[in-house]
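Undergrad: Questions regarding the structure given below will be posed in turn.
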Amino acid sequence: MGRPVSYNLNVKPLEGDISIAEMPDGYPGEGFFSTSFGKVIGLARKNSIWPLPFATSCCGIEFMATMGSHYDLARFGSERVGFSPRQCDLLMVIGTISKKMGPVVKQVYLQMAEPRWVIAVGACASSGGIFDTYSVLQGIDQVVPVDVYVPGCPPRPEAIIDGVMRIQDLVGKESLRRRNGPQYKALMDSYGIQ
Ligand code: SF4
88 MGRPVSYNLN VKPLEGDISI AEMPDGYPGE GFFSTSFGKV IGLARKNSIW PLPFATSCCG
148 IEFMATMGSH YDLARFGSER VGFSPRQCDL LMVIGTISKK MGPVVKQVYL QMAEPRWVIA
208 VGACASSGGI FDTYSVLQGI DQVVPVDVYV PGCPPRPEAI IDGVMRIQDL VGKESLRRRN
268 GPQYKALMDS YGIQ
């Protein structure tokens, strides 16, 4: 004999509207909305970031909490965490990076397609943290350019989410021509990247 099964016994009503992506600046009118191509691309990119977590130590555990249901990074369009550099556009370096590991971080960065962004999550990735020693890289910006630094040892999930939101701001506002410009080329040259 079958057992009666019920789902969603305590359905909660939605509180307020489900938030949706903000509309870019533009000109609304009767039945139309016009904006620039760059703003539409920025809107799409900032709400569909695919992170590659390069997690080596304790900060990685905070990142796991950030991806869990309580903090839920998926709310920002970033639930698709991937480990193939060719598919990802946000390198999240999370944890202590030894000098031996530096070239590996750089190799992963080089395998990512443009446009790509980088977050240094936690004190170790940002500056070497408490490990002011011969073997630890004193900040990943010695091997790859960093867009956002998240402080903390470890940073709480809220701080990691804040870092992702700062990246979203950068991504949404980035000019489509930036990566072809002389300043970006000079930045890449300073890291020995063609
Ligand atoms: S910043 Fe602190 S918590 Fe994060 S990897 Fe370094 S020692 Fe661990």
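Numbered according to this note's numbering, the sequence shown spans residues 88 to 281. Using N, Cα and C, we set each Cβ at its ideal position, and we do this for glycine too. If you're wondering where the values come from, they're calculated on a predicted model, not measured in any experiment.
Report all residues from its chain with a CB closer than 7 Å to the CB of alanine 274; omit the five preceding and five following residues, and keep chain order.
TA: Before going on, a small fix: residue 274 reads as leucine here, not alanine. Pro232.
Undergrad: Looking only at DSSP bridge pairs, what is alanine 142 linked to?
TA: In DSSP, alanine 142 forms a bridge with Ile181.
Undergrad: Cβ of cysteine 146 within 7 Å of any heavy atom in ligand 1?
TA: Yes; taking the cut-off as 7 Å, the Cβ of cysteine 146 has a heavy atom of ligand 1 nearer than that.
Undergrad: For phenylalanine 218, which residues in the same chain have their Cβ closer than 8 Å to its Cβ, ignoring the five residues on either side in sequence?
TA: Counting only Cβ-Cβ distances below 8 Å, and skipping sequence neighbours, we find Thr183 and Cys211.
Undergrad: Closest to asparagine 134 by C-alpha separation, out of Ser277, Gly259 and Tyr278, would be which residue?
TA: Residue Gly259 is the option with its Cα nearest to asparagine 134.
Undergrad: Starting from phenylalanine 119, follow the beta strand (DSSP E) in both directions and report where the run begins and ends.
TA: Its beta strand (DSSP E) spans residues 119 to 121.
Undergrad: In the DSSP assignment, the beta strand (DSSP E) including alanine 207 goes from what residue to what residue?
TA: 204 to 208 is the span of the beta strand (DSSP E), which, as asked, contains alanine 207.
Undergrad: Tell me, please, which residues DSSP counts as bridged to valine 237.
TA: Paired residues: Val208.
Undergrad: For isoleucine 250, is the beta carbon positioned less than 7 Å from some heavy atom of ligand 1?
TA: Before going on, a small fix: residue 250 reads as glycine here, not isoleucine. Result no, Cβ not under 7 Å from ligand 1.
Undergrad: If you drop the 5 nearest sequence neighbours on each side, which residues of the same chain put their C-beta closer than 6 Å to that of glutamate 109?
TA: Counting only Cβ-Cβ distances below 6 Å, and skipping sequence neighbours, we find nothing.
Undergrad: Can you list, in chain order, the residues of its chain whose CB lies under 7 Å from that of phenylalanine 141, leaving out five sequence neighbours each side?
TA: So the qualifying residues of the chain are Leu178, Met179, Val180, Ile181, Val192 and Val195.
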